[in-house]
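*Asks:* Below is a structure I'd like to ask you about.
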Amino acid sequence: MSFDYDLFVIGGGSGGVRAARVAAADGVKVALAEEDRYGGTCVIRGCVPKKLMVFASEYSGMVDDARAYGWDFQAGDFDWSSFKTKLHAELDRLEGVYRNILASNGVETFDQRARMVDAHTVELADGSKKTAKHILLAMGGRPVMPDLPGAELGITSNEIFHLDKLPEDILIIGGGYIACEFAGIMHGLGVKTTQYYRGAQILRGFDDETRGLVCEEMCQRGIDVHLGTNILEMCKEGDKIWVKATNGDERLFDQVMFATGRRPNTDNMGLEDVGVAMGRKGEVTVDDYSQTGVPSIFAVGDVTDRVNLTPVAIREGMAFVETVFRGNPTKVDHELIPTAIFTQPEIGTVGLGEEEAAEQEPIEVYATSFKPMQQSFAGRAERVLMKLVVSKATRKVLGCHIVAPGAGEMIQLAGVAVKMGATKEDFDRTVAVHPTMSEEIVTMKAPVRST
Ligand code: FAD
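Going by the working numbering, the letters in the sequence shown line up with residues 946 to 1396, in that order.
Written out as structure tokens, the structure is:
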């Protein structure tokens, strides 16, 4: 049977673009459909614009620090409109880079929505049908809005990059990494920031001590965090949004942002009709090789809801190409993925949290919390945390958790050691880099806890 293409990719985000271009570079005949903008969530409405906003927001504190170091700076106002113009010019540039990568590798692109018709056929929004030997689902995910009266007045992370002007105050709802990162960003940009989270502590799933310190520091810096609090209803009141909370509070905000979870983009894709199984959240069910139950259809990235991070989507895309086009069946390794959370202060983490590790085996915990030299000299009270969770039996470092400026950069390197199976004694044998914050990670002598 002959097909129009060897591979048809649905979705031009991190996973889809990587798979398409690497396969095409190998001589595979590839087409890709993207209904919105190339680069997907990461480039257009995720990691990249968010990190640029983190950078922008961090400058506010630096002026005071510089003054404490003797510089005669005066803090000025933040010009959102000038930043926003530059931000979107940068995103346009990056989208161009993604388009060029696909074109220069010979991937045929369709700027429209695609959906499945059968195991080898997709239908584009213009009604045309394309056939392919293999189809890769890489549609990513989208934010979900809660079902409550007035929710349509709120925004999500998709809209936050497009605000006409910065609000005077904002309510952020949610306790995951996106909610916490934007609380730090908005606060840093001078917006009075309140955060409601229905759970007992923010950043569920991470090491408890790490979560606790970050929450404490966020509060110290002036973010009004309300735990165990959710929103009941909201409505327009003049220029403001009136919000009623479960704790009885009734308050007015300029802006309300929901960061209350994400859902895979599998609605109306025809997946049920072709026999592709999906889980409770609508995520595509795949095996270790990213293959669905329909042998010609594979899925990578957030649409599978495994580990929803850009480098993971990229690796899944690469492993798919190895498996299907290079005759080298490759599973994606989802163990010990280092990751950063760009809260302020930042988190870098790899491996098991203390609680999770203790459930599995006897452990020792090495941890130190202190005021870092640079900030302490400037008179700031903030603390950092360096923590290792160590297996008693094997001495291997099961988890490394850092809360500190630059923690994301630190954890990339600690991640190599942990992934290699480094023991506590390997860390101890490594000479400290002095004077740095991260030297503490190799100088912790006695465990603070042991189970
Ligand atoms: P996506 O990048 O979402 O791409 C999917 C593409 O498919 C989209 O362009 C979409 O328009 C298109 N599409 C969907 N349906 C169709 C269809 N039917 N037809 C045609 N096209 C379609 N990850 C990190 O690693 N680090 C971070 O710091 C980080 N920060 C984030 C911050 C925010 C605010 C958000 C929302 C996410 C963040 N992420 C971060 C997660 C990261 O963006 C995702 O894990 C990653 O983009 C997933 O890639 P993907 O290829 O699976 O999907």
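Think of the CB as a built atom: it goes at the ideal place given N, C-alpha and C, for glycine as much as any other residue. A quick note: this is a predicted structure, and the numbers were derived from the prediction, not measured.
(1) Taking 7 Å as the cut-off, is the C-beta of Thr1255 nearer than that to any heavy atom in the ligand ZN?
(2) List the endpoints of the continuous beta strand (DSSP E) containing Tyr1311.
(3) For the ligand FAD, is there any heavy atom lying closer than 7 Å to the beta carbon of Ser959?
(4) Which residues does DSSP pair with Arg1060 in a beta bridge?
(5) So, using beta-carbon positions, are Pro1290 and Glu1327 closer together than 8 Å?
(6) Please classify Trp1187: does DSSP put it in a helix, a strand, or coil?
(7) For Arg1166 and Phe1127, I'd like the C-alpha separation in whole angstroms.
(8) For Gly1206, collect the residues of the same chain with a Cβ closer than 6 Å to its Cβ; drop the 5 residues on either side in sequence, then sort them by chain order.
(9) If I follow the unbroken beta strand (DSSP E) through Thr1203, where does it start and stop?
(10) How about Arg1058: is its Cβ closer than 7 Å to a heavy atom in the ligand FAD?
(11) Within the same chain, show all residues whose beta-carbon is closer than 6 Å to that of Ala967, passing over the 5 residues directly before and after it, in chain order.
(12) Quick one: is the Cβ of Phe1287 within less than 7 Å of any heavy atom of the ligand FAD?
(13) Tell me, which residues are paired with Lys1181 by DSSP?
(14) Relative to the C-alpha of Glu1154, which candidate in Met1355, Thr1313, Gly1095 has its C-alpha closest?
(15) Run the proximity test for Ser1002: is its beta-carbon closer than 7 Å to any non-hydrogen atom belonging to the ligand FAD?
(16) Among Asp1010, Thr1381, Glu980, whose alpha-carbon lies nearest the alpha-carbon of Pro1317?
(17) Helix, strand or coil for Ile1147? Go by DSSP, reduced to three states.
(18) What is the residue span of the alpha helix (DSSP H) that Ser1383 lies within?
(19) Counting C-beta neighbours from all protein chains within 10 Å, is the total for Tyr1142 16 or more, i.e. buried, or is it exposed?
(20) For Val1257 versus Ile1282, is the C-beta spacing smaller than 8 Å?
(21) Can you tell me which of the three DSSP states Arg1012 falls into?
(22) On a Cα-Cα basis, can you pick out the residue from Gly1262, Thr1249, Asp1250, Val1269 that is closest to Pro1240?
(23) Which residue spans inside the segment 1055-1140 form an unbroken beta strand (DSSP E) run of at least 3?
(24) Tell me which residues share the same chain as Ser959 and place their Cβ nearer than 7 Å to its Cβ, disregarding the 5 neighbours each side in the sequence.
(25) Relative to the ligand FAD, is the shortest distance from any of its heavy atoms to the C-beta of Ile1404 smaller than 7 Å?
(26) Run the CB neighbour count on Phe1322, radius 10 Å, all protein chains shown included, and call it buried at 16 or more, exposed below.
(27) Got a sec, what are the start and stop residues for the beta strand (DSSP E) Ala1323 sits in?
(28) Decide if the segment 1112-1120 is in contact with the segment 1191-1200; the criterion is three or more beta carbon pairs, one per stretch, under 8 Å apart.
(29) Can you tell me where the alpha helix (DSSP H) with Gly1360 in it begins and where it stops?
(30) Which term fits Ser1336, buried or exposed, when burial requires 16 or more other beta carbons within 10 angstroms of its beta carbon?
(31) Excluding five sequence neighbours on each side, which residues of the same chain lie with their C-beta closer than 7 Å to the C-beta of Ala1285?
(32) With a Cβ-Cβ cutoff of 8 Å, do Val975 and Ala969 count as a contact?
(33) In the structure shown, what three-state DSSP assignment does Tyr1043 receive?
(34) Taking the alpha-carbon positions, what's the Asp1010 to Gln1319 distance?
(35) Is the beta carbon of Pro1209 less than 8 Å from the beta carbon of Gly1086?
(36) Rounding to the nearest angstrom, what Cα-Cα distance links Val1295 and Thr1101 in this structure?
*Replies:* Taking the coordinates as given:
(1) No copy of the ligand ZN appears in this structure; the ligands present are the ligand FAD.
(2) Numbered from 1 along the sequence shown, position 366 holds the residue referred to as residue 1311. 1308-1315 is the span of the beta strand (DSSP E), which, as asked, contains Tyr1311.
(3) Translated into positions along the sequence shown, residue 959 becomes position 14. For the ligand FAD, a non-hydrogen atom lies closer than 7 Å to the CB of Ser959.
(4) Here residue 1060 corresponds to residue number 115 of the sequence shown, with the count starting at 1. Under DSSP, the beta-bridge partners assigned to Arg1060 are Glu1068.
(5) In the sequence shown, residue 1290 corresponds to position 345, counting from 1. In the sequence shown, residue 1327 corresponds to position 382, counting from 1. For Pro1290 and Glu1327, yes; Cβs fall inside 8 Å.
(6) Position 242 of the sequence shown, counted from the start, is the residue given in the question as residue 1187. The three-state secondary structure of Trp1187, taken from DSSP, is strand.
(7) Against the sequence shown, residue 1166 aligns to sequence position 221. Against the sequence shown, residue 1127 aligns to sequence position 182. For Arg1166 and Phe1127, the distance between alpha carbons rounds to 14 Å.
(8) Position 261 of the sequence shown, counting from 1, holds the residue named residue 1206. Beyond the five residues adjoining it in sequence on each side, Gly1206 comes within less than 6 Å, by CB distance, of Val1089 in the same chain, given in chain order.
(9) Taking the sequence shown and counting its residues from 1, one reaches residue 1203 at position 258. The question names Thr, but residue 1203 is Phe in the sequence shown. Taken as a continuous stretch (DSSP letters only), the beta strand (DSSP E) holding Phe1203 covers 1200-1203.
(10) Position 113 of the sequence shown, counted from the first residue, corresponds to residue 1058. Taking non-hydrogen atoms of the ligand FAD into account, the C-beta of Arg1058 is found less than 7 Å away from one of them.
(11) The residue you call residue 967 lines up with position 22 of the sequence shown. The sequence as given places Val at residue 967; Ala does not occur at that position. Sequence-distant partners of Val967 (beyond 5 residues in either direction) whose C-beta falls short of 6 Å from its own C-beta, in its chain, are Val1266.
(12) Position 342 of the sequence shown holds residue 1287. Yes - the ligand FAD has a heavy atom lying nearer than 7 Å to the Cβ of Phe1287.
(13) Looking up residue 1181 in the sequence shown gives position 236. Bridge pairing for Lys1181: Ile1186 [DSSP].
(14) Taking the sequence shown and counting its residues from 1, the one referred to as residue 1154 is at position 209. Comparing Cα positions, the closest option is Thr1313.
(15) Stepping through the sequence shown from its first residue, residue 1002 is reached at position 57. No, Cβ of Ser1002 sits at least 7 Å from all heavy atoms of the ligand FAD.
(16) Walking along the sequence shown from the start, residue 1317 turns up at place 372. Thr1381 is the residue among Asp1010, Thr1381, Glu980 whose C-alpha sits nearest the C-alpha of Pro1317.
(17) Within the sequence shown, numbered from 1, the residue matching residue 1147 stands at position 202. It is coil, neither helix nor strand.
(18) Position 438 of the sequence shown, counted from the start, is the residue given in the question as residue 1383. Neither: Ser1383 is in no alpha helix (DSSP H) and is coded neither H nor E.
(19) The residue you call residue 1142 lines up with position 197 of the sequence shown. Buried is the label assigned to Tyr1142, since at least 16 other Cβ atoms lie within 10 Å of its Cβ.
(20) To locate residue 1257, count along the sequence shown from 1; it is residue 312. To locate residue 1282, count along the sequence shown from 1; it is residue 337. The beta carbons of Val1257 and Ile1282 sit closer together than 8 Å.
(21) Taking the first residue of the sequence shown as 1, we reach residue 1012 at position 67. In the three-state DSSP reduction, Arg1012 falls in the helix class (H, G or I).
(22) As a position in the sequence shown, residue 1240 is number 295, starting the count at 1. Restricting attention to Gly1262, Thr1249, Asp1250, Val1269, the CA atom closest to the CA of Pro1240 is found in Val1269.
(23) DSSP runs (the beta strand (DSSP E)) wholly in the segment 1055-1140: 1059-1063, 1066-1069, 1074-1082, 1086-1088, 1114-1118.
(24) Here residue 959 is taken as the residue at index 14 of the sequence shown, counted from 1. Around Ser959, the same chain offers Gly985, Cys987, Gly1246, Thr1255, Ala1258, Ile1259 as residues with beta carbons nearer than 7 Å, after the five sequence neighbours per side are excluded.
(25) One cannot answer for residue 1404 here, as it falls past the ends of the chain, which runs 946 to 1396.
(26) Along the sequence shown, one-based indexing puts residue 1322 at 377. It counts as exposed.
(27) In the sequence shown, the residue the question calls residue 1323 occupies position 378. Ala1323 -> no beta strand (DSSP E), and no H or E assigned at all.
(28) Because the criterion of three Cβ pairs below 8 Å is met, the segment 1112-1120 and the segment 1191-1200 touch.
(29) As a first step, residue 1360 must be located in the sequence shown, where it is residue number 415. Counting along the chain, Gly1360 sits inside the alpha helix (DSSP H) bounded by residues 1352-1364.
(30) Taking the sequence shown and counting its residues from 1, one reaches residue 1336 at position 391. Per the 10 Å Cβ criterion, buried.
(31) To locate residue 1285, count along the sequence shown from 1; it is residue 340. In its chain, beyond the 5 residues on either side, Glu1291, Ile1292, Gly1293, Ala1352, Gly1353, Ile1356 have a beta carbon closer than 7 Å to the beta carbon of Ala1285.
(32) Here residue 975 corresponds to residue number 30 of the sequence shown, with the count starting at 1. Here residue 969 corresponds to residue number 24 of the sequence shown, with the count starting at 1. Against a cut-off of 8 Å, the Cβ pair of Ala969 and Val975 comes out as a contact.
(33) Along the sequence shown, one-based indexing puts residue 1043 at 98. Note: Tyr1043 maps to helix in three-state DSSP.
(34) Within the sequence shown, the letter at position 65 stands for residue 1010. Within the sequence shown, the letter at position 374 stands for residue 1319. Taken atom to atom, the span from the alpha-carbon of Asp1010 to that of Gln1319 is near 9 Å.
(35) What you label residue 1209 is simply residue 264 of the sequence shown in a count that begins at 1. What you label residue 1086 is simply residue 141 of the sequence shown in a count that begins at 1. Contact: yes.
(36) Residue mapping note: residue 1295 aligns to position 350 of the sequence shown, counting from 1. Residue mapping note: residue 1101 aligns to position 156 of the sequence shown, counting from 1. Going from the Cα of Val1295 to the Cα of Thr1101 covers about 28 Å.
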